[in-house]
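Written below as structure tokens is the structure these notes are about.
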Amino acid sequence: MRALLLLAALLLSAPAARADNQDWTQVARGRYLAVVGDCVACHKATEGVAASDYAGGRPIETPFGMINAANITPDVETGIGRWTPDDFAQAMREGRRPDGAHLYPAFPYPWYTRMSRQDMDAIFAFLRTIPPVRHAVNRNTLPFPFRIRAAMIGWNMLFFTPGELRPDPAKSEEWNRGAYLVEGPGHCGVCHTPMNALGGSRSSEAFAGQSLQGWIAPNIGGNEALGVGAWGVDDVVQYLRTGATAWTRASGPMAEVVEYSTSGMTEADLRAIAVYLKDRPPRGPAPPAPLAADAPRMRAGEALYIDNCAACHRRDGAGVAGMIPSLKDNQITVQPGVETLARVVLTGVRSAATDLEPTAPGMPSFGWRLDDQQVADLLSYVRNAWGNAAPEVDVSLVRQQRERLTRGP
Amino acid sequence: MSRRLPPTDVVVVGLGWTGSIMSYELCRAGLRVTAIERGPWRDTPTDFPPTTAPDELRYSIRHDLFVRPAQETLTFRNTMNQTALPIRRWGSFLPGNGVGGAGVHWNGQTWRWHPWDFTFHSSSVARYGADFLPQDHMMQDWGITYEELEESFDRFEYLCGISGKAGNLGGQLQPGGNPFEGSRRRDYPTPPMQMTAAPQLFAKAATELGWKPFPQPSANLSQAYTNPYGCKLAPCTYCGFCERFGCGNFSKSSPQTCVLPVLVRHPGFEARTECQVTRVNLSRDGKRATGVTYVDTAGQEWEQPAALVLLCAYQLFNVRLLLLSGIGKPYNPATGEGVVGRNYAYQVTGGATGFFGQDKIFNPFIGAGSVGMVADEFNADNFDHGPAGFVGGASLACILTNGRPITNRPVPPDTPRWGSEWKRATRDNYNRWAAVGLQGSVMPYRGNYLDLDPTYKDSNGLPLLRMTFDFPENERKLSRFAVDRCVEAVRAMGAHTVRRNEISGPYSIVPYQSTHNTGGAIMGSDPKTSVANKYCQVWDVPNVFLSGASLFPMNAGFNPTGPVGALAYWAADAIRDRYLPNPGPLVPA
Numbered sequence: 001m002r003a004l005l006l007l008a009a010l011l012l013s014a015p016a017a018r019a020d021n022q023d024w025t026q027v028a029r030g031r032y033l034a035v036v037g038d039c040v041a042c043h044k045a046t047e048g049v050a051a052s053d054y055a056g057g058r059p060i061e062t063p064f065g066m067i068n069a070a071n072i073t074p075d076v077e078t079g080i081g082r083w084t085p086d087d088f089a090q091a092m093r094e095g096r097r098p099d100g101a102h103l104y105p106a107f108p109y110p111w112y113t114r115m116s117r118q119d120m121d122a123i124f125a126f127l128r129t130i131p132p133v134r135h136a137v138n139r140n141t142l143p144f145p146f147r148i149r150a151a152m153i154g155w156n157m158l159f160f161t162p163g164e165l166r167p168d169p170a171k172s173e174e175w176n177r178g179a180y181l182v183e184g185p186g187h188c189g190v191c192h193t194p195m196n197a198l199g200g201s202r203s204s205e206a207f208a209g210q211s212l213q214g215w216i217a218p219n220i221g222g223n224e225a226l227g228v229g230a231w232g233v234d235d236v237v238q239y240l241r242t243g244a245t246a247w248t249r250a251s252g253p254m255a256e257v258v259e260y261s262t263s264g265m266t267e268a269d270l271r272a273i274a275v276y277l278k279d280r281p282p283r284g285p286a287p288p289a290p291l292a293a294d295a296p297r298m299r300a301g302e303a304l305y306i307d308n309c310a311a312c313h314r315r316d317g318a319g320v321a322g323m324i325p326s327l328k329d330n331q332i333t334v335q336p337g338v339e340t341l342a343r344v345v346l347t348g349v350r351s352a353a354t355d356l357e358p359t360a361p362g363m364p365s366f367g368w369r370l371d372d373q374q375v376a377d378l379l380s381y382v383r384n385a386w387g388n389a390a391p392e393v394d395v396s397l398v399r400q401q402r403e404r405l406t407r408g409p
Numbered sequence: 001m002s003r004r005l006p007p008t009d010v011v012v013v014g015l016g017w018t019g020s021i022m023s024y025e026l027c028r029a030g031l032r033v034t035a036i037e038r039g040p041w042r043d044t045p046t047d048f049p050p051t052t053a054p055d056e057l058r059y060s061i062r063h064d065l066f067v068r069p070a071q072e073t074l075t076f077r078n079t080m081n082q083t084a085l086p087i088r089r090w091g092s093f094l095p096g097n098g099v100g101g102a103g104v105h106w107n108g109q110t111w112r113w114h115p116w117d118f119t120f121h122s123s124s125v126a127r128y129g130a131d132f133l134p135q136d137h138m139m140q141d142w143g144i145t146y147e148e149l150e151e152s153f154d155r156f157e158y159l160c161g162i163s164g165k166a167g168n169l170g171g172q173l174q175p176g177g178n179p180f181e182g183s184r185r186r187d188y189p190t191p192p193m194q195m196t197a198a199p200q201l202f203a204k205a206a207t208e209l210g211w212k213p214f215p216q217p218s219a220n221l222s223q224a225y226t227n228p229y230g231c232k233l234a235p236c237t238y239c240g241f242c243e244r245f246g247c248g249n250f251s252k253s254s255p256q257t258c259v260l261p262v263l264v265r266h267p268g269f270e271a272r273t274e275c276q277v278t279r280v281n282l283s284r285d286g287k288r289a290t291g292v293t294y295v296d297t298a299g300q301e302w303e304q305p306a307a308l309v310l311l312c313a314y315q316l317f318n319v320r321l322l323l324l325s326g327i328g329k330p331y332n333p334a335t336g337e338g339v340v341g342r343n344y345a346y347q348v349t350g351g352a353t354g355f356f357g358q359d360k361i362f363n364p365f366i367g368a369g370s371v372g373m374v375a376d377e378f379n380a381d382n383f384d385h386g387p388a389g390f391v392g393g394a395s396l397a398c399i400l401t402n403g404r405p406i407t408n409r410p411v412p413p414d415t416p417r418w419g420s421e422w423k424r425a426t427r428d429n430y431n432r433w434a435a436v437g438l439q440g441s442v443m444p445y446r447g448n449y450l451d452l453d454p455t456y457k458d459s460n461g462l463p464l465l466r467m468t469f470d471f472p473e474n475e476r477k478l479s480r481f482a483v484d485r486c487v488e489a490v491r492a493m494g495a496h497t498v499r500r501n502e503i504s505g506p507y508s509i510v511p512y513q514s515t516h517n518t519g520g521a522i523m524g525s526d527p528k529t530s531v532a533n534k535y536c537q538v539w540d541v542p543n544v545f546l547s548g549a550s551l552f553p554m555n556a557g558f559n560p561t562g563p564v565g566a567l568a569y570w571a572a573d574a575i576r577d578r579y580l581p582n583p584g585p586l587v588p589a
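Pasting the structure below:
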């Protein structure tokens, strides 16, 4: 009798276990939202593990140490196969696992919390449809004291406001859609909003840009000199969709964002993002007075520029439209921090490749033939030539960047 | 022990210009394409960034981009009564290797061949009579006309973004272009390159001589360009490192700049690099290819089954692969029978180098592979050959490709080869020389051919290709005639001393002359005298298609890449539109 009951229980529970929502429209929506949320960027399997975009293991660099992204395939043992939609929503909304353990905000729950439950369920429904991959990931790699997950209780009290984003009735539907995408699934602020010493976002400086992982996540607010204030909505859309505008190209971490995420988004959503970002308050420092053209550093930098850079970026710094970035009227050139510029010169960089911009031109490495002082002079020149104005570059910053790049993350 | 792989729709052997074009066109037609390339993967920013690409020692002298002779070479002799010996260091020609093939390191001189070239036999007989043709010639028409290929030429030019000036738009001659070219449907996609000092001086002198010089059609681009596939090129910087080098500035049309960015994104495409195809496998009756066998760098042999096999290797290696695979009857020069290996031709090169006085400064380091002016008066059948006494012709051009310090330091005749006098002459002349060069046609002959060497083998134990070639008297007459014209031009430019560069003695494979080898697996209208029909389809094995200059029944006075690219589009169209709906011979034998 007990065996019969057990059998009955199994028969009853088996369909329940498979009762995942297989509604095609919800799954398709979830797939799109997973693209918007750029889940792949972190959860893609480490090379050689599995050809899965969601099997995890990729180390995420944080100011506190490396964190390996989780396996979010529906594998029962190593993935999220046992999770329910409520479990998933709790992780997204509160940053907690089904066992109650706290997640670190390397998983951007402070942004995902603003999503609607409907969208969370859609993503979960999509994740249920991908093939489960057995891949155990070490999820506890942070050093002491950061490895104590309970510490996140305090962190959450200080820096985390759970809850869905409320639309602003005074703004257009497009603006509100943009706000939702940027502040929610798109989690743009993770990189582009300055962090405090404990890794919390400084909302008073939202989208003003910061130094991160040896790059500059640039200002993407309404500031005309530093952000996208001077860009047209079409320019932002083109950049996010193709990875390039006439004067600049996405590279580094943003190339990944474009390739995995924004190039797969609808034009309407990209327009909404552009409208919202351009309407962010113009934050960031006012530009300094440019270095005098006859300053010794400018002369040294100019000579280096002519020898090393002018063939491609042209004598006037204008580059080649759509191909080789302009160095004038390009916000990247004059960001307050120079990590990106120094890095691009020292190691070179490859720009994003998308279906609409399949050619991905690359900047070659000059680190082997320019020393730190030369790079600092060159960048000081570039940042103050052709109408540019930005703080000159101290050689120590270049040295630090070279050390970092030589050492690895 | 060969390991068998899951089948694919199309195997492409060699991922250079034709391999990448045909791969992409067939991927777009919905086929799964597997390209197998003997050399390494190569990409612009990683393999030839502008910081390291201009390395003359590495690339020009040490041949970094070319196939290593230890991997694959050929044997050579001038005549059938000699014993051929293996080429152990490339000299007169430089076969490419790796993804992009010779399309990586070419100069970018891009021509449509003349309408006359495609009917060079029948047209010569019609104008001069059969008795005028040289002894032992194997002249025969291509089986395809310029008019049929015109659209394909146009597509290749627009793929590349060629910089030039049309000479004949729909039958209307255009001032400033080549008045002898065949009619074209539209102008070049980008305007001509800016001319440097020497070509400008040549153009002036040529005009005084009554010629009509025009800018060399160039795959080094005069301005930024986006091709129909969406791939982008940047303007040339005139750095003077084209031939033998990859272009780091995205300024030279190549598979890397023009096709690979879209090809590698196509889900139907796969490339296997550093894998050498050793044979095309045939069905028991020999009438159908079943795929290819290749060897990877670990020495493991693989069999890749496929429904279609495209041979897109370099001209010489396409011919060798046919011979190794037993496709087509090998040519026998004793009987004149057989097809594979016949009509091999090289090219006549040379010209005149002029040395100028203190008033001239040419700055040869400002250059590009295709920056120059050309005169076409003595090419093809653009002049009366009766008094000249030979068939064929040559284009004359002043193209100052570079002033690279190791190889490009001409000194006047009778200068010592070394020592302080040579150094002084080098210093005095580096900036004060200019050359007018020629590229001349070579007709096919009974004794100039390719076959398998009876003695020498490669590291896989397979016989090397053997080349038997010398310049016949017809081509020596052409050389003398065309060099005379070059000397006239250089004198008219004002040179005080002129050096003649012409054929003397037997053809030597040691000094560099031209990588324009042609023939050996030619197209035609008769299976008894050609390997492939007009659609580049092998007569005997209809699911094998050929590409490249091995298809050419003769060699012309122009660079071959234009017709090589055009035929790739032509054949891809034929496969998609004619073969796929009805697989089988496209021309009844």
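Order-wise, the sequence lines are chains H and R. So that you can map any letter, position 121 of the first sequence is 121 in full-length UniProt numbering, and since no number is skipped, the others follow by simple counting. So that you can map any letter, position 341 of the second sequence is 341 in full-length UniProt numbering, and since no number is skipped, the others follow by simple counting. Each residue gets a CB set at the ideal place from its N, CA and C atoms; glycine is no exception.
Span separating the alpha-carbon of residue i from that of residue j
i, j, result
"Leu57 of chain R", "Ile406 of chain R", "8 Å"
"Lys360 of chain R", "Asn431 of chain R", "8 Å"
"Pro189 of chain R", "Tyr109 of chain H", "52 Å"
"Ser2 of chain R", "Thr278 of chain R", "12 Å"
"Gly96 of chain R", "Arg68 of chain R", "9 Å"
"Asp114 of chain H", "Glu183 of chain H", "It is Arg, not Asp, that sits at residue 114 of chain H in the sequence shown. Computed Cα separation, rounded: 7 Å."
"Ala574 of chain R", "Arg369 of chain H", "51 Å"
"Arg134 of chain H", "Phe107 of chain H", "21 Å"
Counterpart residues of residue i in DSSP-defined beta bridges
i, result
"Gly372 of chain R", "R:Ile399"
"Glu303 of chain R", "R:Arg4 and R:Thr293"
"Arg350 of chain H", "H:Gly362"
"Ile60 of chain H", "H:Ile67"
Chain R contact residues for residue i, given Cβ-Cβ distances below 8 Å
i, result
"Ser365 of chain H", "Pro49 and Thr51"
"Leu356 of chain H", "Gly230"
"Gly322 of chain H", "Ala224, Thr226 and Lys232"
"Arg369 of chain H", "Thr51"
"Ala51 of chain H", "Correct list: empty, because the minimum Cβ distance to chain R is about 13 Å."
Distance between beta carbons of residue j and residue i, contact taken as under 8 Å
i, j, result
"His192 of chain H", "Ala217 of chain H", "5 Å"
"Met152 of chain H", "Tyr112 of chain H", "Incorrect: roughly 15 Å between the Cβ atoms, too far for contact."
"Gly176 of chain R", "Phe202 of chain R", "With 8 Å as the limit, Gly176 of chain R and Phe202 of chain R do not qualify as a contact, their Cβ atoms being about 15 Å apart."
"Gly95 of chain H", "Asn176 of chain H", "Going by Cβ atoms, the distance from Gly95 of chain H to Asn176 of chain H rounds to 25 Å, so no, they are not a contact pair."
"Phe545 of chain R", "Ala571 of chain R", "5 Å"
CB contact below 8 Å: residue i versus chain R
i, result
"Val27 of chain H", "no"
"Thr113 of chain H", "no"
"Ala250 of chain H", "no"
"Gly348 of chain H", "yes"
Cutoff 8 Å: residue i Cβ touching any chain H Cβ
i, result
"Phe250 of chain R", "yes"
"Val262 of chain R", "yes"
"Arg265 of chain R", "yes"
"Pro235 of chain R", "yes"
Residue i: contacting residues in chain H (beta-carbon distance under 8 Å)
i, result
"Cys239 of chain R", "Ala311"
"Thr44 of chain R", "Pro361 and Gly362"
Within chain R, the residues that residue i reaches when beta carbons sit closer than 7 Å
i, result
"Pro253 of chain H", "By Cβ distance, chain R contributes nothing, its closest Cβ being about 18 Å from Pro253 of chain H, past 7 Å."
Chain-ordered chain H contacts of residue i [CB-CB under 7 Å]
i, result
"Arg272 of chain R", "Under the 7 Å cutoff, chain H gives no residues; its nearest Cβ is about 17 Å from Arg272 of chain R."
Neighbour list for residue i in chain R, Cβ cutoff strictly below 9 Å
i, result
"Ala353 of chain H", "Pro261, Val264 and Arg265"
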